[in-house]
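Structure first, commentary second.
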Amino acid sequence: MAGPGRTGAIALERVTQRFPVPREDREFTAVQDVSLDVCAGEFVSIVGPSGCGKSTLLSLVAGLVPATSGRVTIDGQVVAGVNPRLGFVFQRDAIFPWKTVAQNVGLPLLFRGVNASSARPRVAEWIGRIGLTGFEHYHPYQLSGGMRKRVALAMTMVYEPEIVLMDEPFGALDVQTRNLMENDLLEIWAQLQRTVVFVTHDLEEAIALSDRIVVMTASPGRVKAVYPIDLPRPRSVTEIRFHPDFGRLYETIWKDLRDEVRVGYERSQKGLAG
Amino acid sequence: MKTHSMRLLIVMLVAALVGPGSSTARAAEKVTVGVGGVALMVYLPTVLAKDKGFFADEGLDVEILDIKGGGAQAASALIGGSVDFSANAIDHAIKAKTQGKDLIAVQSHVRLPVMGLVVANRYKGVIKSLADLKGRPVGVTSPGSQTHMVLGYLLVKAGVQPTDVQIIGAGGNTMPLAIDKDSVHAGMMVDPFFTAFLRQGKGFALVDMFTSKGTLDAMGGEVQGTTLLTRPDVIAKRPETVQKMVNALVKANKLITSSSGEELARLVPKEISGDPKLYAESFEHAREAFPPDSLVSRDGVARVIETMRTFGVVPAGMKLEPESVYDNRFVLKALGR
Amino acid sequence: MATSGAKRASRAEIRVWRAVLLTSFLGLWEAATRWGWVDRFFVSQPTELAAQLGEWIWTGFIFRHLLVTMKETLIGFVLGTVLGVAIGFIFAHWETLAHVFDPLMVALNAMPRVVLAPLFILWFGLGLLSKVVMVISLVFFVVFFSTFTGLREVDRDLVNNARILGASPRHLIRHVLLPSALTWIFASLRTSVGFALIGAVVGEYLGSHEGMGYVISYAESMFNATGVLAGLIVLMAAVMVIDVALKRLDVRFSYWKPTRW
Numbered sequence: 029m030a031g032p033g034r035t036g037a038i039a040l041e042r043v044t045q046r047f048p049v050p051r052e053d054r055e056f057t058a059v060q061d062v063s064l065d066v067c068a069g070e071f072v073s074i075v076g077p078s079g080c081g082k083s084t085l086l087s088l089v090a091g092l093v094p095a096t097s098g099r100v101t102i103d104g105q106v107v108a109g110v111n112p113r114l115g116f117v118f119q120r121d122a123i124f125p126w127k128t129v130a131q132n133v134g135l136p137l138l139f140r141g142v143n144a145s146s147a148r149p150r151v152a153e154w155i156g157r158i159g160l161t162g163f164e165h166y167h168p169y170q171l172s173g174g175m176r177k178r179v180a181l182a183m184t185m186v187y188e189p190e191i192v193l194m195d196e197p198f199g200a201l202d203v204q205t206r207n208l209m210e211n212d213l214l215e216i217w218a219q220l221q222r223t224v225v226f227v228t229h230d231l232e233e234a235i236a237l238s239d240r241i242v243v244m245t246a247s248p249g250r251v252k253a254v255y256p257i258d259l260p261r262p263r264s265v266t267e268i269r270f271h272p273d274f275g276r277l278y279e280t281i282w283k284d285l286r287d288e289v290r291v292g293y294e295r296s297q298k299g300l301a302g
Numbered sequence: 202m203k204t205h206s207m208r209l210l211i212v213m214l215v216a217a218l219v220g221p222g223s224s225t226a227r228a229a230e231k232v233t234v235g236v237g238g239v240a241l242m243v244y245l246p247t248v249l250a251k252d253k254g255f256f257a258d259e260g261l262d263v264e265i266l267d268i269k270g271g272g273a274q275a276a277s278a279l280i281g282g283s284v285d286f287s288a289n290a291i292d293h294a295i296k297a298k299t300q301g302k303d304l305i306a307v308q309s310h311v312r313l314p315v316m317g318l319v320v321a322n323r324y325k326g327v328i329k330s331l332a333d334l335k336g337r338p339v340g341v342t343s344p345g346s347q348t349h350m351v352l353g354y355l356l357v358k359a360g361v362q363p364t365d366v367q368i369i370g371a372g373g374n375t376m377p378l379a380i381d382k383d384s385v386h387a388g389m390m391v392d393p394f395f396t397a398f399l400r401q402g403k404g405f406a407l408v409d410m411f412t413s414k415g416t417l418d419a420m421g422g423e424v425q426g427t428t429l430l431t432r433p434d435v436i437a438k439r440p441e442t443v444q445k446m447v448n449a450l451v452k453a454n455k456l457i458t459s460s461s462g463e464e465l466a467r468l469v470p471k472e473i474s475g476d477p478k479l480y481a482e483s484f485e486h487a488r489e490a491f492p493p494d495s496l497v498s499r500d501g502v503a504r505v506i507e508t509m510r511t512f513g514v515v516p517a518g519m520k521l522e523p524e525s526v527y528d529n530r531f532v533l534k535a536l537g538r
Numbered sequence: 003m004a005t006s007g008a009k010r011a012s013r014a015e016i017r018v019w020r021a022v023l024l025t026s027f028l029g030l031w032e033a034a035t036r037w038g039w040v041d042r043f044f045v046s047q048p049t050e051l052a053a054q055l056g057e058w059i060w061t062g063f064i065f066r067h068l069l070v071t072m073k074e075t076l077i078g079f080v081l082g083t084v085l086g087v088a089i090g091f092i093f094a095h096w097e098t099l100a101h102v103f104d105p106l107m108v109a110l111n112a113m114p115r116v117v118l119a120p121l122f123i124l125w126f127g128l129g130l131l132s133k134v135v136m137v138i139s140l141v142f143f144v145v146f147f148s149t150f151t152g153l154r155e156v157d158r159d160l161v162n163n164a165r166i167l168g169a170s171p172r173h174l175i176r177h178v179l180l181p182s183a184l185t186w187i188f189a190s191l192r193t194s195v196g197f198a199l200i201g202a203v204v205g206e207y208l209g210s211h212e213g214m215g216y217v218i219s220y221a222e223s224m225f226n227a228t229g230v231l232a233g234l235i236v237l238m239a240a241v242m243v244i245d246v247a248l249k250r251l252d253v254r255f256s257y258w259k260p261t262r263w
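Protein chains in written order, with my numbering: chain A, 29 to 302; chain B, 202 to 538; chain C, 3 to 263.
Here it is in structure tokens:
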């Protein structure tokens, strides 16, 4: 469902993903029969227990792995390999340790053949946006976790992708930094209005950020429920918690999520015992 | 009855101990001789003495240790004490002496260099004399070896500075290949490679030191070659052993010098003789090299020392008398003189 | 501030102790050979070694031979490294190739190449080529295995991220794979330098007319233990110099790593 004149709509139609288990003669089903639509410019979060296949879904949309069955399309076109109009923020630091901040942020432009003189101002702009002006010549090992995350964000945004996929990007940060980054993200998103698919298992974060939340079942992951989040925008991540509807939404969604978490937990206990 | 059978038993026991072959039944003395490449003709006396039982006749159980590193390694083994004797060129004794170690030659295997300077056929007409070797790669068996020293001496005598020639260590049995592949234009060859190479028409001899005349022309006289070397402490502590070794070798030399090439090719063990016709031919060519009387030649040793002085192997200031590296006593005794 | 347990010696102290160790060793050696506990003929003597080295350096004799050996070493080293890195990349990329060739690589590597030296001389002659081939045969495997492993150890996320950011295969190699594998490659370089030198010397030892191997071989045939050991010392010094240079290079290329103590 594309919004007026916008691109970046994602559609998953009955997607199943199976992986062969190394050293064992069986296959592992990560996601089963998932159908999902994301409108262009929408901010959708995917929540679920560990191992429910959230990251797999992102990889499928990104074109990093082909679907075992079903179709993944972007604006109606089947995903076949890495889509250049897509951005991905990884859970772990995927910025390049041997390059400076400026080199890292400039890297996607270099890859895409943007010449140095046009790239420079864009890089400078984004470094400013993430608040790291003055750190252009630092190397990642000299930065804090939060700063590195910001660089990762800038790297993804600098080439203005239509779709941004984020895999638990703020999980490794402390709460204060996390909140700051979440607000930064919302700001950037508000300016650019790209499609964002955000994976997290922090339900509060998901509610604070998203237009819709998709709840996944325990493995093999299926779509359990989809909840629209009709909280007003613009939002401040720290303030929105006090909105009256926040608590109601949280309670409802949490019940679904909790059941799946429990199932997953019991299964792993059985696995350990049996 | 009892004493009778007792006596019989004792007699039987004694007979078993002392009986037939009593000289060998008395435990034969074990001796090791180091050799640098047992197939080389220069070691023939030692090989023959063992094969024909001459050592055994003297009550010696001789083991020939074929040492892969060549003559230098065999000499090292002698100095180090791993072997008590080695069949080596007298050069090694001289070199050892310059380093303060004494080695004594007690019997002469060959009294000529028994090596030749062979030039590849492709340079026939181009390389006509030693002077034509200037600037060319020439092979010797290994750096510092006898072939190296002799080549150097020949060059100096011909008025060529050894440094003007690229002298390369190309091995003994790999020399023919090196010449074939043009890695070297000429090389010092020992037998049987020399004879084989020439027979195959692959090269010609610029200098032939397998014959007395050839050696005289090239070197100006006799040049002492391979000898039986041993250490002074062996001579001091086991002179009878040394004498026995020499006795056997003197017999071997006599046999060699009184046989024809064909006869020798038959006498020598197959692994060593290889192609009997080739062996016979090589031998006839080098016949003069084997001294019938096994005596080490003073003149020959002096010439070797002089050769090595030319290269500074024997330092200029050092006094080195030929007598200090050989001792003909044992040979003389064996000859009954 | 309280100190915990044993104090680690300062750098100056370490240097002092090293000097003490060296002098005692040399002193013992000299004494042993002078007083006849050990035969000088076999092990030489520090004073004699010093004299020999001094003479070699003063007359310039040794530099000619050292240069020849170094030339062979460096040419073979560079070629072996380039080959090793290139094939390491190829195999890391085309996994099937790697699997197919794996037993062959392991077998070839296990073969003592030093034993093959005479064959190399046979095939490639007595000049520079056979020595260079010898060196390559030793260096290649070390660098290849290091590169191959280093490439497989590259963080998958980095590769995926680069792909998503739009990297072409060439970009991947230049900006991700190569820098990442460089640590491994450099570690292997420092190991293989020693091998390179061995290869050159062994090659010369068996057939040449100049070079350190030649010098050592000549000294050996003269029963000159001093010459042999002095030659070895010169070689050791050469390797140490090269190692220092490599260490500097390694540091220069590791600018992006958090510095350890």
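A virtual CB, placed ideally from N, CA and C, is assigned to each residue, including glycine.
Predicted, not measured: the structure shown is a model, and the values here were computed from it.
Burial is judged here by how many other beta carbons sit within 10 angstroms of a residue's own beta carbon; residue 17(C) has fewer than 16 and is exposed. Cβ atoms of residue 285(B) and residue 233(B) come within 8 Å of each other, at about 6 Å. Residues of the segment 145–176 of chain C with a Cβ closer than 8 Å to any Cβ of chain A, in chain order: 157, 159, 160, 162, 163, 164, 165, 166, 167, 168, 169, 170, 173. By DSSP's assignment, residue 46(A) forms a beta bridge with 57(A). Taking a Cβ-Cβ threshold of 7 Å, none of the residues of chain A is close to residue 114(C); the smallest such distance is about 35 Å.
Within the same chain, and ignoring the five residues on either side of residue 257(B) in sequence, no residue has its Cβ closer than 6 Å to its Cβ. DSSP places residue 152(C) in the helix class (H, G or I) of the three-state scheme. Out of 79(C), 153(C), 127(C), 146(C), the CA that lies nearest to the CA of residue 375(B) is found in 127(C).
Following the DSSP letters along the chain, one finds residue 287(B) inside the beta strand (DSSP E) bounded by residues 286–290. Contact between residue 42(A) and residue 61(A) holds: CB atoms are separated by about 5 Å, below the 8 Å threshold.
Runs of the beta strand (DSSP E) spanning 3 or more residues and lying entirely within the segment 150–200 of chain A occur at 191–195, in chain order. Residue 126(A) has a beta carbon lying within less than 7 Å of a beta carbon in chain C. DSSP places residue 233(B) in the strand class (E or B) of the three-state scheme.
The beta carbon of residue 110(A) sits closer than 7 Å to some beta carbon of chain C. Contact of residue 229(A) with chain C is not assigned, every C-beta pair being separated by 7 Å or more.
Along the segment 29–54 of chain C, the positions whose C-beta sits under 8 Å from a C-beta of chain B are 42, 43, 44, read in chain order. The criterion of a C-beta distance shorter than 7 Å is satisfied by residue 231(C) and residue 51(C). DSSP places residue 390(B) inside the beta strand (DSSP E), whose first and last residues are 387–390.
Excluding sequence positions up to five before and after residue 169(C), its CB lies within less than 8 Å of the CB of 177, 178, all in the same chain and listed in chain order. Counting along the chain, residue 508(B) sits inside the alpha helix (DSSP H) bounded by residues 499–511. Residue pairing from DSSP places residue 405(B) in a beta bridge opposite 320(B). In this structure the segment 74–94 of chain A lies against the segment 237–244 of chain A, because at least three pairs of beta carbons, one per stretch, are closer than 8 Å. Each residue's CA atom was taken as its position, placing residue 363(B) and residue 350(B) some 10 Å apart. From the listed residues 207(C), 245(C), 254(C), the smallest Cα separation to residue 130(C) is found for 207(C).
The C-beta of residue 503(B) comes no closer than 7 Å to any C-beta of chain C. By the Cβ criterion, the segment 263–274 of chain B is not in contact with the segment 486–500 of chain B, since fewer than three pairs of Cβ atoms, one from each stretch, lie closer than 8 Å. Non-local beta-carbon contacts of residue 241(C) in its own chain, meaning distances under 8 Å to residues more than five positions away in sequence, involve 195, 196, 199 in chain order.
Check the Cα spacing between residue 379(B) and each of 223(C), 162(C), 120(C): the tightest is with 120(C).
When C-alpha distances from residue 233(C) are compared across 113(C), 226(C), 218(C), 252(C), the shortest belongs to 218(C).
In this structure, residue 142(A) keeps its C-beta atom at 7 Å or more from the C-beta atom of residue 166(A). Neighbours of residue 224(C) in chain B, taken as residues at a C-beta separation under 7 Å, are given in chain order as 296, 345, 514.
Close CB contacts of residue 465(B) within its chain, under the 6 Å cut and outside five residues either way in sequence, are with 484 (chain order).
Ranking 223(C), 65(C), 124(C), 90(C) by CA distance to the CA of residue 371(B) puts 124(C) first. If you look at residue 161(C), you'll find it in the alpha helix (DSSP H) that goes 158–167.
Here the C-alpha atom of residue 110(A) lies approximately 40 Å from the C-alpha atom of residue 250(C). Taking a C-beta distance under 7 Å as the contact criterion, residue 416(B) and residue 311(B) do not qualify as a contact pair.
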